[in-house]
Each structure stands twice: as structure tokens, then as C-alpha cells.
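Numbering (the working numbering), first residue to last: 134 to 215.
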């Protein structure tokens, strides 16, 4: 199953109430936040309404916030090399 990976690049400040409502419906609150939605015509229409504020890519899997955080963080601990 394919997913849209949607990242909010620009803030919704100064946008119309309709556009801010679409951002809220997509689950985007803060800049650089990432959400995953299944590829459907409904979601594609919402993305088109706020296309100036977001970047979109298509992925084969959806990640949770914990998985994104774990992927970004460096390895824990330290290693002694001889």
C-alpha cells in the first residue's frame, strides 16, 4: 500500500481559515512536522489546497513518530577501539 509523506514547510499564518482547516485535517501543526496518509483522492485534494505550504513524496510504508526519531538519532553509547 502506498502512502503520502507530507511535510509542512511553511507556516499557515496569514492563510485563509479554509487552508488552516485543511492543515488541521491533515494533522499538520508545526513547521517541519511529518504525517503519513494513505493515497486516496480525498487526501490528494486536500494536499492540492495547501500545495504552497507542504512538500509531498510517495512512500511504500508509514513511520510512527518514534520510528522517525529513532532513525534520526545517532547510535547510543560509545565504542573503545584499539
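Glycine included, every Cβ here is placed at the ideal spot set by N, Cα and C.
First through last residue of the beta strand (DSSP E) which encompasses residue i
i           : result
residue 191 : 187-192
Length of the line joining the Cα atoms of residue i and residue j
i           : j           : result
residue 187 : residue 215 : 48 Å
residue 147 : residue 210 : 45 Å
residue 202 : residue 145 : 24 Å
residue 143 : residue 184 : 10 Å
Residue i in three-state terms, based on DSSP
i           : result
residue 151 : helix
residue 171 : strand
residue 142 : coil
Selection from the options that minimises the alpha carbon distance to residue i
i           : options            : result
residue 136 : 207, 197, 204      : 197
residue 191 : 153, 149, 161, 177 : 177
Within 8 Å, strictly: CB atoms of residue i and residue j
i           : j           : result
residue 182 : residue 212 : no
residue 138 : residue 169 : yes
Alpha helix (DSSP H) segment containing residue i, residue limits
i           : result
residue 200 : 198-205
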